[in-house]
Amino acid sequence: MADTDHGPHDSKPNPFAGPFTAPPVMPAQHYAAESKRPINLATDDVPCRNCGFNLRGLTETGNCPECGAPIWNSIQEDLLIYSNAPYVAGLHRGLICVLIAWVLQLVLSLLTVVAMIGIIIVTLRGAVAAGGGAGVGGFAFTTTTSGLFNAIIQLAMLPLSFLSLYGWWLISAPDPGQKAGDTGQKPRRIVRAAVIIIACTTTLSAATQFLALAVPAANFALFGIGFIALVASIAQFFASMLYLSWMGPRIPNATVHERAKLYMWLLPVIYLVGSCLVVGPIVAMVMYLLLLNKTRILIRDVRQRQQRGEGTQPFAVNA
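The opening position of the sequence shown corresponds to residue 3 in the numbering used here, with each subsequent residue numbered one higher.
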């Protein structure tokens with residue numbers, strides 16, 4: 003029997019109408035979410051999973067009067083399969099952007115190290131051929147070349163940095179179906195704030211690198227900019243791990259949840275201790291990227307299930 007409780011948008015075609023495919027039941031061990039009492043639409047403030055409209059006082063067999071989405075979706079478990087489809091698509095795109103940016107940054111960093119070693123070798127050979135020592139002239143040549151090289155690398159890194167920041171901006175986008183007090187909201191906001199700060203410091207650093215070629219005193223500003231960027235990056239890392247840990251039960255996947263909590267302290271240890279052996283930062287970065295890639299694959303699967311119509315309400319809806 004068709005539902006008769008639709009709200010003010012009955013005359014519009016409902017994009018949520020269609021066959022229902024129930025999402026597969028996940029084993030209990032996949033969930034890390036806290037147990038919650040059943041939702042009571044008569045007394046509870048329940049945001050629509052699609053647009054955030056307060057559904058309090060409506061019936062579960064009806065539609066959201068704001069966007070037409072089935073209310074049934076909004077009273078299910080807090081899983082991504084029931085979330086706003088564009089929001090899930092944004093998570094997926096954001097993770098792709100971050101992964102592409104990090105991989106290219108890693109490749110560029112390795113090429114930078116190789117190129118710097120080459121510059122040093124050529125400089126030393128030239129100094130020896132000129133008189134058996136670098137002297138003041140050799141040092142001045144090395145400093146100038148190094149400054150110009152660093153400025154060019156910074157400029158090359160700039161679009162990759164902004165691609166990564168754009169990715170995290172998408173990943174940390176607010177979910178319309180989440181309440182302001184939900185545990186994932188605080189780390190999400192910290193990630194967004196850190197992204198803005200890092201974007202500003204990255205731009206300033208690139209400009210200051212070139213300015214320092216003409217005005218050496220500008221190098222002192224780089225230390226301050228670098229320190230601010232470092233603090234923001236550390237905050238963004240810890241907040242992103244908390245955010246991924248919160249996201250894990252929503253996928254739902256226990257591995258993402260547990261690894262994000264583990265990596266919050268393990269990756270900094272590997273990075274710092276392993277720096278003595280050079281390979282530490284690389285190992286930490288690879289582990290970080292593997293976690294992001296696993297999350298990307300899982301969210302891609304959720305997105306594909308949504309496209310197949312899984313997680314749609316089981317009641318008849320007027321088209």
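We put the CB at the ideal spot given by N, CA and C, even for glycine.
> Contact check, Arg51 vs Tyr84 under 8 Å by CB: the rounded distance?
Replying inline: On the sequence shown, residue 51 is found 49 positions in, with the first residue counted as 1. On the sequence shown, residue 84 is found 82 positions in, with the first residue counted as 1. Approximately 5 Å separates the beta-carbon atoms of Arg51 and Tyr84; this is inside 8 Å, confirming the contact.
> What is the residue span of the alpha helix (DSSP H) that Gly228 lies within?
Replying inline: For the purposes of this step, residue 228 is taken as the residue at position 226 of the sequence shown. First-last of the alpha helix (DSSP H) with Gly228: Asn221 to Met249.
> Which value, in whole angstroms, describes the spacing of the CA atoms of Cys53 and Ala44?
Replying inline: Against the sequence shown, residue 53 aligns to sequence position 51. Against the sequence shown, residue 44 aligns to sequence position 42. Approximately 19 Å, taken between the alpha carbons.
> Taking DSSP as the reference, what is the three-state secondary structure of Glu260?
Replying inline: In the sequence shown, counting from the first residue as 1, residue 260 sits at position 258. DSSP places Glu260 within a helical segment (H, G or I) once states are collapsed to three.
> Which one or two residues does DSSP pair with Asn56 in a beta bridge?
Replying inline: Position 54 of the sequence shown holds residue 56. For Asn56, DSSP records a beta bridge to Pro49.
> Grouping DSSP H, G and I as helix and E and B as strand, with all else coil, what is Gln308?
Replying inline: Stepping through the sequence shown from its first residue, residue 308 is reached at position 306. Assignment of Gln308 by DSSP, reduced to helix, strand and coil, places it in the helix class.
> Under 8 Å between C-beta atoms, does Ala286 make it to chain C?
Replying inline: Going by chain labels, chain C is absent from the structure shown, which holds only one protein chain.
>> Assuming Met249 and Leu269 are in contact, meaning their beta carbons sit under 8 Å apart, how far apart are those beta carbons, in whole angstroms?
In response: On the sequence shown, residue 249 is found 247 positions in, with the first residue counted as 1. On the sequence shown, residue 269 is found 267 positions in, with the first residue counted as 1. Contact flag wrong, Cβ pair sits at about 17 Å.
>> Output needed for Ala34: all residues of its chain with C-beta closer than 7 Å, excluding positions within five of it in sequence on either side, in chain order.
In response: In the sequence shown, residue 34 corresponds to position 32, counting from 1. Confidence is the limiting factor: at Ala34 the pLDDT is only 36, short of 50, which leaves the residue's position unreliable and the question unanswerable from this model.
>> Taking a contact to mean a Cβ-Cβ separation below 8 Å, would you say Gln238 touches Val271 in this structure?
In response: As a first step, residue 238 is located in the sequence shown; it is residue number 236 there, counting from the start. As a first step, residue 271 is located in the sequence shown; it is residue number 269 there, counting from the start. Contact: no.
> Candidates Gly179, Leu264 and Gly228: which alpha carbon is nearest Asn75's?
Replying inline: What you label residue 75 is simply residue 73 of the sequence shown in a count that begins at 1. Answer by Cα proximity: Gly179.
> Which term fits Pro26, buried or exposed, when burial requires 16 or more other beta carbons within 10 angstroms of its beta carbon?
Replying inline: For the purposes of this step, residue 26 is identified with residue 24 of the sequence shown, where counting begins at 1. Reliability fails at Pro26, whose pLDDT of 42 lies under 50, so the model's placement of it is uncertain and no value is given.
> So Arg298 and Leu81 are in contact, right, with Cβ under 8 Å, and what is the actual spacing, rounded?
Replying inline: As a first step, residue 298 must be located in the sequence shown, where it is residue number 296. As a first step, residue 81 must be located in the sequence shown, where it is residue number 79. Between Arg298 and Leu81, the beta carbon gap of about 17 Å keeps them out of contact (Cβ cut-off 8 Å).
> Which residue comes first and which comes last in the alpha helix (DSSP H) that contains Gln211?
Replying inline: Here residue 211 corresponds to residue number 209 of the sequence shown, with the count starting at 1. Unbroken alpha helix (DSSP H) run through Gln211: Gln187 to Ala216.
>> Spatial neighbours of Asn295 within its chain, please: C-beta separation below 7 Å, excluding the five flanking residues on both sides.
In response: Locating residue 295 in the sequence shown gives position 293, where the first residue counts as 1. Leu101, listed in sequence order.
>> For Thr210 and Ala223, which I take to be in contact (beta-carbon distance under 8 Å), what is that distance rounded to the nearest angstrom?
In response: For the purposes of this step, residue 210 is taken as residue 208 along the sequence shown, with counting starting at 1. For the purposes of this step, residue 223 is taken as residue 221 along the sequence shown, with counting starting at 1. That pair is a contact at about 5 Å.
> Any idea what DSSP makes of Pro72, helix, strand or coil?
Replying inline: Here residue 72 corresponds to residue number 70 of the sequence shown, with the count starting at 1. Strand.
> Any idea if Gln308 is buried or exposed, counting beta-carbon neighbours within 10 angstroms, 16 or more meaning buried?
Replying inline: To locate residue 308, count along the sequence shown from 1; it is residue 306. By the neighbour-count rule (16 or more Cβ atoms within 10 Å), Gln308 is buried.
>> Beta-carbon within less than 7 Å of Gln78's beta-carbon, same chain only, minus the 5 sequence neighbours each way: which residues are those?
In response: Within the sequence shown, the letter at position 76 stands for residue 78. In the same chain as Gln78, and ignoring 5 residues on each side of it, the C-beta atoms closer than 7 Å to its own belong to Tyr84, in chain order.
>> Can you list, in chain order, the residues of its chain with a C-beta nearer than 8 Å to that of Val193? Leave out the 5 residues immediately preceding and following it.
In response: For the purposes of this step, residue 193 is identified with residue 191 of the sequence shown, where counting begins at 1. So the list reads Trp170, Ile173, Ser174, Gln238, Ala241, Ser242 and Tyr245, once near-sequence residues are dropped.
>> Excluding the 5 residues flanking Lys263 on each side, which residues of the same chain have their C-beta closer than 6 Å to its C-beta?
In response: Your numbering for residue 263 matches position 261 in the sequence shown. Closer than 6 Å at the Cβ level, and outside the excluded window around Lys263, lie Ser247.
> Secondary structure at Asn86, three-state DSSP: helix, strand or coil?
Replying inline: Within the sequence shown, residue 86 is the residue found at index 84, counting from 1. Per DSSP, reduced to three states, the secondary structure at Asn86 is coil, with no helix or strand assignment.
> Which term fits Asn56, buried or exposed, when burial requires 16 or more other beta carbons within 10 angstroms of its beta carbon?
Replying inline: As a first step, residue 56 is located in the sequence shown; it is residue number 54 there, counting from the start. Result: exposed.
>> Once DSSP output is grouped into helix, strand and coil, what is the label at Leu255?
In response: For the purposes of this step, residue 255 is taken as residue 253 along the sequence shown, with counting starting at 1. Leu is not the amino acid found at residue 255; the sequence shown has Asn there. Three-state DSSP puts Asn255 in coil, outside helix and strand.
> Short check: CB of Thr205 to CB of Ala234, under 8 Å?
Replying inline: In the sequence shown, the residue the question calls residue 205 occupies position 203. In the sequence shown, the residue the question calls residue 234 occupies position 232. Going by beta carbons, Thr205 and Ala234 fall outside the 8 Å limit.
> In angstroms, rounded to a whole number, what distance separates the CA positions of Pro49 and Ile73?
Replying inline: The residue you call residue 49 lines up with position 47 of the sequence shown. The residue you call residue 73 lines up with position 71 of the sequence shown. Rounded to the nearest whole angstrom, the CA to CA distance from Pro49 to Ile73 is 9 Å.
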